[in-house]
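Here our numbering is used: the first residue of the sequence shown is 18, the next is one more, and so on.
Glycine residues also receive a C-beta, built at the ideal position from the N, C-alpha and C atoms.
Working notes for the structure below.
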Amino acid sequence: MNFSHITWLDDKGHIKPPIFLYALLAYLARGWCIFIASLTQMGDRSELVRIFYPEKSDFLLALGAGLGAVLIYLVVIAERRRSPQWLRPIFVHLKWGLWLLLIVDGVLLGQRLIHGQFLFHWSLALDALILFWSSIYLIKSKRLHYYLRDWLKEDPKLLQP
């Protein structure tokens, strides 16, 4: 049998992380992405940050909230290597961490709305839309559900020849 048409499995038969999980983590860590992009500017490094976060407190809160997304990304990388084994229980409950980060991001969106005096702005509307679609993705994605259940409780002694 040829299983080459199944692209969501790697060469060891484990489910690859969904690309939308990476996109969701990048969205949740966008404060860090903007910070890293601002380091590449030669002139005023804070100019890029001010475009996305006019209030300094909003940017600092985005960095704090994005730290959770960076930690979840590190857990996903550890899962790809299947080590260390003590991360297994954390990995199985990763969906709850994503929900917590989405709730924190929703609260931060509310704070940015308050700072903007509840005036319509496209970036806020886009953030609300992405937040909404991300929550639907967490609820409905079967591949994410299977991926989070893939790191089985294997006995290391059985894996060695």
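Does the beta-carbon distance from residue i to residue j come in below 7 Å?
i	j	result
residue 41	residue 55	no
residue 80	residue 127	no
residue 147	residue 44	yes
residue 35	residue 161	yes
residue 78	residue 118	no
residue 69	residue 154	no
residue 88	residue 95	no
residue 46	residue 83	yes
residue 32	residue 167	yes
I'd like the span of the alpha helix (DSSP H) that includes residue i, first residue to last.
i	result
residue 154	139 to 157
residue 47	47 to 55
residue 64	63 to 69
residue 32	Residue 32 -> no alpha helix (DSSP H), and no H or E assigned at all.
Could you give the distance in angstroms between the alpha-carbon of residue i and the alpha-carbon of residue j?
i	j	result
residue 144	residue 108	27 Å
residue 137	residue 149	17 Å
residue 27	residue 163	14 Å
residue 72	residue 90	27 Å
residue 151	residue 92	19 Å
residue 102	residue 110	15 Å
Please classify residue i: is it buried, with 16 or more other beta-carbons within 10 angstroms of its beta-carbon, or exposed?
i	result
residue 24	exposed
residue 74	exposed
residue 51	buried
residue 76	buried
residue 129	buried
Ranges of the beta strand (DSSP E) found wholly within the segment 76 to 142, counting only runs of at least 3: DSSP assignment within the segment 76 to 142 yields no whole beta strand (DSSP E) run of 3 residues or more.
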